[in-house]
Amino acid sequence: MDCLNMGLSLCEQLTQPASVTVQPGQRLTISCQVSYSLGSYRTAWIRQVAGKTLEWIG
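Throughout the sequence shown, residue numbering follows this note's numbering, covering 1 to 58 in sequence.
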């Protein structure tokens, strides 16, 4: 559901890949795009290795 369908006049957007898979030892670079000032909201990365719990990255 998007912001317009929820009847919100202001809606911030964060876009990132749904999931990324790499082999052990491979380097991974992911990015996200935001429609807001990073100084206005707290934004952090959280990862989940297959079969493991969520891990806060920062």
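Where a beta carbon is used, it is the ideal one built from N, C-alpha and C, also for glycine. Quantities reported herein were computed from a predicted structural model and do not represent experimental measurements.
C-alpha distance - residue i paired with residue j, whole-angstrom precision
{"i": "A72", "j": "S37", "result": "Within the shown structure, residues of the chain are numbered from 1 to 58, placing residue 72 beyond reach of any answer."}
{"i": "I30", "j": "K52", "result": "20 Å"}
{"i": "Y41", "j": "P24", "result": "33 Å"}
{"i": "W45", "j": "T21", "result": "16 Å"}
{"i": "L14", "j": "R47", "result": "16 Å"}
{"i": "C32", "j": "I57", "result": "15 Å"}
{"i": "Q26", "j": "G39", "result": "32 Å"}
Endpoints, the beta strand (DSSP E) within which residue i is located
{"i": "I30", "result": "No beta strand (DSSP E) holds I30; DSSP gives it neither H nor E."}
{"i": "R42", "result": "Taken as a continuous stretch (DSSP letters only), R42 belongs to no beta strand (DSSP E), as it is neither H nor E."}
{"i": "E55", "result": "54-56"}
Beta carbon of residue i nearer than 8 Å to that of residue j
{"i": "E12", "j": "S35", "result": "yes"}
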